[in-house]
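Undergrad:
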Amino acid sequence: MTIKHFEDRLREYAHLMRLHRPIGIYLLLWPTLWALWWAGNGQPPRGVALVFVLGVVLMRSAGCVINDIADRKFDPQVARTRDRPLAAGRVSLGEAVALTAALCLLAFALVLTQNTLTLELSFIGLALAISYPFMKRFHSLPQVNLGAAFGWTIPMAYAAVTNAVPPIAWLLFLGNVLWSVIYDTQYAMVDREDDRKIGVKSTAILFGERDKRIVGYLQLTLLGLLILVGLLTGRGWIYYLGLVVAACFALYQQYLIRDRKPDECFKAFLNNNGFGLVIFCGLLLDYLPAGSP
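Under this note's numbering, the first residue of the sequence shown carries the number 6, and numbering increases by one thereafter.
Spelled out as structure tokens, the structure:
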């Protein structure tokens with residue numbers, strides 16, 4: 006094997022893991038950091054935080070590979086996905102399976118450094134990550150499955166920091182499910198016509214002409230839930246300022262999807278990175294000594 010061939014394989018594996026498109030890492034990272042900061046009262050253990058950040062990168066990468074394995078017959082029929090390494094035949098099914106196994110084993114090695122409760126919860130998280138890509142064949146709410154898979158880091162973060170999963174963790178988990186339905190519906194609006202043709206289900210198809218309105222209701226519900234969590238945990242004005250800025254991001258997303266143009270819907274999806282970031286920044290700053298209530 007030449008060095009060039011080795012580099013080519015690594016490049017294809019990186020594309021298969023979507024490392025060149027880190028938006029999925031960010032959308033998984035922000036709720037994980039929310040949970041770590043709340044669970045740690047603004048000071049989560051550094052070692053735990055590092056494990057979860059690395060775990061986010063590994064499991065999101067594994068999820069992308071699993072998704073491409075599941076969609077290897079569909080992706081060649083969709084303009085946006087037909088050039089993915091597995092769909093285009095540049096990576097074999099065996100290579101994709103081996104890469105998935107390696108990523109999951111690395112993530113599991115990280116979890117082994119945590120307490121028993123976190124380890125037990127990780128098996129549920131793995132099951133959610135593996136099953137999500139197949140759900141679009143069976144029901145019209147696969148975005149809920151995505152939310153559960155992405156949000157499972159929240160109870161795990163609480164378990165790692167406090168060795169318990171209190172009710173507030175489940176409120177945050179519910180909030181992440183709502184958020185996932187929001188941004189993945191915007192994402193699905195990009196591929197709605199292709200998905201109809203190949204028989205893939207999504208909330209964008211389910212919601213139909215009510216898609217923008219339902220996304221708006223979900224955004225309001227999510228912000229209301231985050232206000233409730235803030236009240237229950239005694240957060241101060243800086244946290245709520247972050248929510249005000251997040252609400253502006255939500256309004257901008259509504260503007261972007263107003264005509265359901267695929268490019269604009271994709272921009273709305275990407276804009277959720279900013280939504281998650283400003284909430285974390287508000288939480289982070291609010292927990293600093295000068296910002297604490």
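Don't be surprised by glycine CBs; every beta carbon is placed ideally from N, CA and C. Model, not experiment: these values are computed from the prediction.
Roughly how many angstroms separate the alpha carbons of leucine 33 and glycine 239, rounded to a whole number?
TA: Rounded to whole angstroms, leucine 33 to glycine 239 spans 25 Å at the Cα level.
Undergrad: Leucine 111 to arginine 215, Cα distance in whole Å?
TA: Their backbone Cα atoms lie some 42 Å apart in a straight line.
Undergrad: Take aspartate 13 as the anchor and find which of Pro90, His144, Thr121 has the nearest alpha-carbon.
TA: Of the listed residues, the one whose Cα sits closest to aspartate 13 is Pro90.
Undergrad: Contact defined as beta carbons within less than 8 Å: I believe phenylalanine 155 pairs with asparagine 181. What is the distance between those atoms, to the nearest angstrom?
TA: So it is a contact: roughly 6 Å between Cβ atoms.
Undergrad: Could you work out which residue in Val83, Glu198, Gly287, Gly68 is closest to threonine 105 when comparing CA atoms only?
TA: For the residues Val83, Glu198, Gly287, Gly68, the minimum Cα distance to threonine 105 belongs to Gly68.
Undergrad: I'd like the list of long-range same chain contacts for leucine 24, defined as Cβ closer than 8 Å, with 5 residues on each side in sequence excluded.
TA: Closer than 8 Å at Cβ, skipping near neighbours: Ser66.
Undergrad: Proline 36 to glutamine 82, Cα distance in whole Å?
TA: One C-alpha to the other measures close to 33 Å.
Undergrad: In three-state DSSP terms, what is phenylalanine 79?
TA: Looking at phenylalanine 79 - three-state DSSP - the assignment turns out to be coil, as it is neither helix nor strand.
Undergrad: So valine 96 packs on glutamate 17, CB below 8 Å; how close in whole Å?
TA: Yes, they are in contact, since the Cβ atoms of valine 96 and glutamate 17 sit about 5 Å apart, within 8 Å.
Undergrad: Leaving out five residues on either side along the sequence, give the residues of the same chain with a beta carbon under 6 Å from the beta carbon of leucine 211.
TA: Ser145.
Undergrad: Quick check on the DSSP output: the alpha helix (DSSP H) that includes tryptophan 42 runs from which residue to which?
TA: Per DSSP, tryptophan 42 belongs to the alpha helix (DSSP H) from 28-44.
Undergrad: Rounded to whole angstroms, how far is the Cβ of alanine 44 from the Cβ of valine 166, which I believe are closer than 8 Å?
TA: Right, their Cβ atoms sit about 4 Å apart.
Undergrad: For phenylalanine 139, which of helix, strand or coil comes out of DSSP?
TA: Helix at phenylalanine 139.
Undergrad: Count the other C-beta atoms from every protein chain shown that fall within 10 angstroms of the C-beta of alanine 134, then say buried if there are 16 or more, exposed otherwise.
TA: Buried, since its Cβ has 16 or more Cβ neighbours within 10 Å.
Undergrad: Since alanine 1 and valine 283 should fall inside the 8 Å C-beta cutoff, what is the C-beta to C-beta distance between them, to a whole number of angstroms?
TA: Limits of the chain in this structure are 6 at one end and 298 at the other, which puts residue 1 out of reach.
Undergrad: Whole angstroms is fine: what's the gap from arginine 201's alpha carbon to arginine 142's?
TA: When rounded, the distance between both Cα atoms is 12 Å.
Undergrad: Which of the three DSSP states is assigned to histidine 25 in this structure?
TA: In the structure shown, histidine 25 sits in coil (DSSP, three-state: anything other than H, G, I, E or B).
Undergrad: For alanine 92, which residues of its own chain have a beta-carbon under 8 Å away from its beta-carbon, when the five flanking residues on both sides are left out?
TA: Hits under 8 Å: Asp73, Asp76, Arg77, Asp80, Pro81, Thr86.
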